[in-house]
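Everything on this sheet refers to the single structure shown next.
Protein chains: 4
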Amino acid sequence: MPKNKKEAIEKRKLDHLKIVFEEDVGFLKTNWLEYVEPVHSAIPELDFISINTQAKFLKRVFSAPIVIESMTGGTKAAAEINARLAKVAEMENIPMGVGSQRIAIEKPELAYTFSITREVAPKAFLMANLGAAQVIKHGEEFAWKAIKMIEADALIIHSNPLQELIQPSGDTYFSGLLHSLKKISENIDVPLIVKEVGCGISLSDAIKLRDVGVAAIDTAGAGGTNWAKIEGIRARKEGDVLREKLSMLFQEWGIPTAASVAEISQLDGIEVIGSGGIRNGLEIAKVIMLGAEMAGLANPFLKAAKKGEKSIKKLIEQLLIELKTTMFLVGAKDIASLSTSQRVIFGPLKTWLEQRLGSLKR
Amino acid sequence: MPKNKKEAIEKRKLDHLKIVFEEDVGFLKTNWLEYVEPVHSAIPELDFISINTQAKFLKRVFSAPIVIESMTGGTKAAAEINARLAKVAEMENIPMGVGSQRIAIEKPELAYTFSITREVAPKAFLMANLGAAQVIKHGEEFAWKAIKMIEADALIIHSNPLQELIQPSGDTYFSGLLHSLKKISENIDVPLIVKEVGCGISLSDAIKLRDVGVAAIDTAGAGGTNWAKIEGIRARKEGDVLREKLSMLFQEWGIPTAASVAEISQLDGIEVIGSGGIRNGLEIAKVIMLGAEMAGLANPFLKAAKKGEKSIKKLIEQLLIELKTTMFLVGAKDIASLSTSQRVIFGPLKTWLEQRLGSLKR
Amino acid sequence: MPKNKKEAIEKRKLDHLKIVFEEDVGFLKTNWLEYVEPVHSAIPELDFISINTQAKFLKRVFSAPIVIESMTGGTKAAAEINARLAKVAEMENIPMGVGSQRIAIEKPELAYTFSITREVAPKAFLMANLGAAQVIKHGEEFAWKAIKMIEADALIIHSNPLQELIQPSGDTYFSGLLHSLKKISENIDVPLIVKEVGCGISLSDAIKLRDVGVAAIDTAGAGGTNWAKIEGIRARKEGDVLREKLSMLFQEWGIPTAASVAEISQLDGIEVIGSGGIRNGLEIAKVIMLGAEMAGLANPFLKAAKKGEKSIKKLIEQLLIELKTTMFLVGAKDIASLSTSQRVIFGPLKTWLEQRLGSLKR
Amino acid sequence: MPKNKKEAIEKRKLDHLKIVFEEDVGFLKTNWLEYVEPVHSAIPELDFISINTQAKFLKRVFSAPIVIESMTGGTKAAAEINARLAKVAEMENIPMGVGSQRIAIEKPELAYTFSITREVAPKAFLMANLGAAQVIKHGEEFAWKAIKMIEADALIIHSNPLQELIQPSGDTYFSGLLHSLKKISENIDVPLIVKEVGCGISLSDAIKLRDVGVAAIDTAGAGGTNWAKIEGIRARKEGDVLREKLSMLFQEWGIPTAASVAEISQLDGIEVIGSGGIRNGLEIAKVIMLGAEMAGLANPFLKAAKKGEKSIKKLIEQLLIELKTTMFLVGAKDIASLSTSQRVIFGPLKTWLEQRLGSLKR
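Sequence order for the protein chains is A, B, C and D.
The numbers in this note's numbering rise by one with no breaks, and the one at position 284 of the first sequence is 284.
The numbers in this note's numbering rise by one with no breaks, and the one at position 350 of the second sequence is 712.
The numbers in this note's numbering rise by one with no breaks, and the one at position 85 of the third sequence is 809.
The numbers in this note's numbering rise by one with no breaks, and the one at position 265 of the fourth sequence is 1351.
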């Protein structure tokens, strides 16, 4: 990789962080979780103190169905954020992903910004991370390098066609991804996860992914951080009118989180992390009620990690009490019980599921 | 009970009254009764003067399907309010509940604040009242004491899991409630009623309650006074950020009154008081049309009782003329006829009932 | 009738006119005709000039399906308005109703304010008019007097339970109306029409009315002039708080015009005038498309009549061009064809009809 | 044609252009394409560069499913606009229509304003254009003249009953159109297309058109330029109150583009151009997803053409990248694949299609 290209990647990553913190990068549309209404139970028949939030995901038991989503890496500041998150991930026993490791594979002197997670958290469940384009081009080689770099417990491949399209010099060669995923899944010894970055994943995609050996899907649905918008802001700053217009036209593109989770959770043989704009424990519970195994959060963890470990712990404490409150109020003593609790589906989510799936009643 | 705990209860009760009168403690969502549209009859074939509002509830005949909901007790001011309400309840022949009697069981010198109701209203239908937590801990003993204190005609157990969760040092041990209710229902000689305090009761809860011998349910659905909000205001004043945030997140939690009434009224073998944000006689009629036997009001009676007996009577007079007007306009000569009158269901209430029950047509 | 009572009626009629012209007396809700969407035809296959708006109603052929609704009478000003309307009704060959004739039966010196219609319009189709309460009390006697007074071609009985309830000293004895209607229909030699005054008529009422011999129904649905509001304004002016509150609570009561027309038009053996808030020829067409034989307008005719005959004619000209434009655009050469034209039903009207009738498709 | 009539036509055409550029001539309602939600694919399995936008229409293959809609002609300025558009149409290989040629048939010295298109674009697919009224009156004679004038590859007949009605001295004789179309289709040697001008075309009209030999329909649905409004502005300027009121009442009349396309695309044996308020490549894609073969744009091309050829090319470049982006994001490698891509239908479009067609699921 030529030096100026690597610098371009570093520059882009800094741009991203800066834009995420300084500009409004949300969707006009929500993640549609407000259209999921849990049914209150006045006689929960359980003690709040006895509620068990343990969640099983990829054959490991975590203390809660909460995932620290892949976020960052590649810079000194990112290394610090990764270290803080990893320490808490180990302490609290919840899984954590790192940002795209491509830069560190191509520029090994940056590998420490990722491997620091394993150093500070030898027992944490850490997830390596590569982009679809790298996987298509470099297949198992990059996969192995990414896994080894952090002694990962799973490998995430993120597929982000819209972002790549709007990103100047983005990589828009996506054919062959399924083939590459199949080969990787057959040859690596950790589970393979595929995620989007804000546009969600459909049921038909989930079927294809399962059939090439993908073990879990992370929805990253629409309603959270909006990469089309972020890349559009960058395009505007660079005076690229065509891409700026493209960004504006596709800013609301994507499957809202609730719709994505609900449709792919219909499928047997693949586990689901519901993510995309999740901000509190009530939304974590709703994602579980729609059928996900886990709920992933990025932005709240990023903000907390900038402040320090203590803030991350406090965030998790708050999420847990909110999750347990929801479980108490629907009378669910554990996550299995929560996942089959009664709920009513409203609005566009109802329309979506009626057209794409069968009955809603439960 | 240690003295400081009892004082804490007294303090809490005063806080509650103060907050109810001074702050906005409603829901953003309504009780959904606006989604029930009675079908007008242009040829009612009856004389307004002959309309009969008599309602049968728990084997007794009342002059109207109106319940003075459980509200207060435990303080001198509360005693006065209780006395005023009880006098009118007897005069008008409508049932009345008292506030939670726990404080008076634990601090007998406060029993007069409840028993005054029986003194001034020897023939009124009075309902004793205890919280679910007390019932789980003290079972029949407290039940008998509460009933005896006011020579009650029925015993209400209120179950308020959300409020207890948000309330500082709230009691969140709810397992065993059904067992306790079963034992009480088998051993007391008055009917047992279970109510919520603003989150409604679901059909599945109603089935469980009926099966342990509960004779009636008072929905206390969402859309009226918002206890999560009230406890959140208290938490804020006490600087308890975690509970304040919890209150904000769950402020809109709960089954709206219309949904709760409609779904539990499907059930045979248990009577229903529809309550939660009911403010006039048109809403009383709608609750009956959804299948309830009675409609309960708290806030309007509390405000009237602060002014005096005359205001309470005036309130009832207004509610009756509004109820009778609705009956006249749908051509219902009595409550039985009203309960089967034609109505159309709109909006989220329609969605709720379609997903949870069968057809809406009538 | 005591003199002061008659004066009270006259006073009330003047109040009504004054309030209608000076205050906002509409509904918040509409007549729901905006939820009826005719399907445009790009190839109408007809010439605008050849469109035939002739409509058959009660065995007579009119030049258009437009009815001048019952409005006024009993005062000198009303006589003038009635005369102007009757002249145009004859010229344009459309039916016309007069206001309630009770006052002129009880105070014969006012009969001229009604009979002037027949004097100026010997061949017009004129409709006599009495209230339900008079019919119950005085039966055929009043019916004959009203008919004879204007040599009427039909007799309208208006039934207005809500207005009577809110009106100070309103007549709220409505039992026996069906029996009286049956006797009248058997004994008079003109067709009998029943109408509401702004709350609409339901399918079940329509069945009862047909079965006692009523030949036509005039819906007078909600969405036009709001009598509950008008009587509430009067109550407020008279300091009658209870009735003012009653008026406010029931201001939105009633079946919207489109719903009333659509449901009663399902019924064979009775003709339908759709009325209630109809303001233009597009709405006239929609009422026909929902199944009515005729469309009735009051307020636009009242305003035009105050200005003079020329304004009434201009109004009819405008209504006709609007009606014919709609007919042209759906490719309907005549009223029969219009009544079966394609349309789509949206929003609450769709919900209403789905719950109350079968399929909507056409 | 008398000279003053021809001048009136020229004057009208200038008025139209002026009003389109200077006033707000849109609908309050949209073209309903926002109710079509394509389902995102995270694994498109294709390379952006390999996306093929070629579209087959009327047995010819174009480089994209984009039509330059019929717009103008008859004036010197229009000739220039037509020339610019035709040059780009040929270069980019997309079809183009000209404005109504009636004026040039009746005033042959203006023929150059149309024929210039063929001169500058000998190989372009050019579509002649006549109004329904001319076709009814002059049949094949005018059809031949219009085709010959530009050596057209197809003939468009535009049918605009609403515009003619509101237009002062508009032609409202529409009977016989189907018969004329049948004769023309049997006798000309190019395909016949029928289009509206902003009110859309229904399924039942489409069936009739197919059955007389029409090869394609151009919907020109509601949601784009509003001719009722434009003619109303002209009527207002001319002080014609009756027509101005008529314009206001029918401004929202018409079948929204998405509804029109979806329903007529159900029909075999006729091709569809979806048009009416289409403004970008995402909307072009949605129209294809609803079943159209091509998507037509007028206003964006008119604005670009006023600036020059370069702007027209830039517009097409932008439309293509937007179209290809949509195709990439639903994983459609070509137009055939796009047309069967998954989408969800919301809101009034869902209601429309449920009432008019069968299931929505795909």
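Backbone N, C-alpha and C define an ideal beta-carbon position, used for all residues, glycine too.
Checklist entry - Comparing the C-beta of Leu1034(D) with each C-beta of chain A, is any distance below 8 Å? => result The structure shown does not extend to residue 1034(D), since chain D is modelled only from 1087 through 1448, so no value can be given for it.
Next on the checklist: Between which residues of its own chain and Trp756(C) is the CB-CB distance below 7 Å, once the five residues before and five after are set aside?
Outcome noted: Gly947, Pro980, Thr981, Ala982, Ala983, Pro1072 and Leu1073
Checklist entry - When burial is assigned at 16 or more other CB atoms within 10 Å of the CB, is Thr713(B) buried or exposed? => result buried
Checklist entry - Which first and last residues belong to the beta strand (DSSP E) in which Val760(C) is found? => result Val760 to Pro762
Next on the checklist: For Asn853(C), report the span of its beta strand (DSSP E) as first-last.
Outcome noted: Leu850 to Gly855
Item to check | Residues of the stretch 398 to 409 of chain B with Cβ closer than 7 Å to any Cβ of chain C, in chain order | outcome: Val401, His402, Ser403, Ala404, Ile405, Pro406, Glu407, Leu408 and Asp409
Item to check | Alpha-carbon spacing of Ser1083(C) relative to Ile818(C), whole angstroms | outcome: Residue placement at Ser1083(C) cannot be trusted, given a pLDDT of 49 that sits under 50; what the coordinates show is reported in the next sentence. Roughly 34 Å between the two C-alpha positions.
Checklist entry - Got a sec: is the Cβ-Cβ distance from Asn642(B) to anything in chain C below 8 Å? => result yes
Item to check | Proximity of Lys324(A) and Thr117(A) at Cβ, strictly below 8 Å | outcome: no
Checklist entry - Counting contacts by CB-CB distance shorter than 8 Å, is Lys1074(C) in contact with chain D? => result yes
Checklist entry - Does DSSP put Arg1003(C) in a helix, a strand or coil? => result coil
Item to check | Backbone secondary structure at Asp15(A) - three-state DSSP | outcome: helix
Item to check | Ala298(A) and Glu69(A) closer than 8 Å at C-beta | outcome: yes
Checklist entry - How long is the line joining the alpha carbons of Gly1307(D) and Glu1357(D), rounded to whole angstroms? => result 16 Å
Item to check | Closest Cα partner of Lys780(C) within the set Ala940(C), Ala1028(C) and Gln1042(C) | outcome: Ala940(C)
Next on the checklist: Just to confirm my understanding: we take Lys363(A), look at its own chain, exclude 5 residues before and 5 after, and list those with CB closer than 7 Å. What are they?
Outcome noted: Lying before the first or after the last residue shown, residue 363(A) is absent from chain A, which here runs from 1 to 362.
Next on the checklist: For the stretch 533 to 549 of chain B against the stretch 498 to 517 of chain B, do three or more pairs of beta-carbon atoms, one drawn from each stretch, fall closer than 8 Å, so that the two count as touching?
Outcome noted: yes
Next on the checklist: If you measure between the beta carbons of Leu1376(D) and Val1347(D), is that distance less than 8 Å?
Outcome noted: yes
Item to check | Glu1120(D) versus His1102(D), Asn1366(D) and Lys1393(D), residue with shortest Cα-Cα distance | outcome: Asn1366(D)
Checklist entry - Residues of chain C with a CB under 7 Å from the CB of Ile1279(D): which are they? => result By Cβ distance, chain C contributes nothing, its closest Cβ being about 13 Å from Ile1279(D), past 7 Å.
Item to check | Three-state secondary structure assigned by DSSP to Asn1138(D) | outcome: strand
Next on the checklist: For the stretch 1123 to 1138 of chain D against the stretch 155 to 165 of chain A, do three or more pairs of beta-carbon atoms, one drawn from each stretch, fall closer than 8 Å, so that the two count as touching?
Outcome noted: yes
Next on the checklist: I need the straight-line Cα distance from Leu17(A) to Gln167(A), nearest angstrom please.
Outcome noted: 15 Å
Checklist entry - Curious, which full-length alpha helix (DSSP H) runs of at least 4 residues does the stretch 209 to 234 of chain A contain? => result none
Item to check | Residue from Ser311(A), Gly308(A), Val287(A) and Glu322(A) with nearest C-alpha to Ser341(A) | outcome: Val287(A)
Checklist entry - Under 9 Å Cβ-Cβ, which residues of chain D neighbour Gln1103(C)? => result With chain C represented from 725 up to 1086, any question about residue 1103(C) goes unanswered, as that position is not in the structure.
Next on the checklist: To the nearest angstrom, how far is the alpha carbon of Lys229(A) from that of Leu1212(D)?
Outcome noted: 40 Å
Checklist entry - What did DSSP end up calling Gly1225(D) once you bin it into helix, strand or coil? => result helix
Item to check | Same chain, Cβ closer than 7 Å to Lys1057(C), neighbours up to 5 away in sequence not counted | outcome: Leu770, Ser774, Ile775 and Asn776
Checklist entry - What residues in its chain sit with their C-beta under 7 Å from that of Gln463(B), if we drop five residues either side in the sequence? => result Gly435, Phe476, Ala490, Asn491, Leu492, Ala508 and Met511
Checklist entry - Where does the unbroken alpha helix (DSSP H) through Gly894(C) begin, and where does it stop? => result Counting along the chain, Gly894(C) falls outside any alpha helix (DSSP H), and DSSP gives it neither H nor E.
Item to check | CB-CB length for Ile518(B) against Lys557(B), believed under 8 Å | outcome: 6 Å
Checklist entry - Which chain A residues are close to Val1430(D), counting only those with a beta carbon under 8 Å from its beta carbon? => result Thr351, Trp352, Gln355 and Arg356
Item to check | Outcome for Lys208(A) when other beta-carbon atoms lying within 10 angstroms are tallied against a minimum of 16 | outcome: buried
Item to check | Burial state of Val785(C), where buried means 16 or more other Cβ atoms lie within 10 Å | outcome: exposed
Next on the checklist: Judging by CA-CA distance, which residue of Ile1191(D), Glu1237(D), Met1182(D) and Leu1406(D) is the nearest neighbour of Arg243(A)?
Outcome noted: Leu1406(D)
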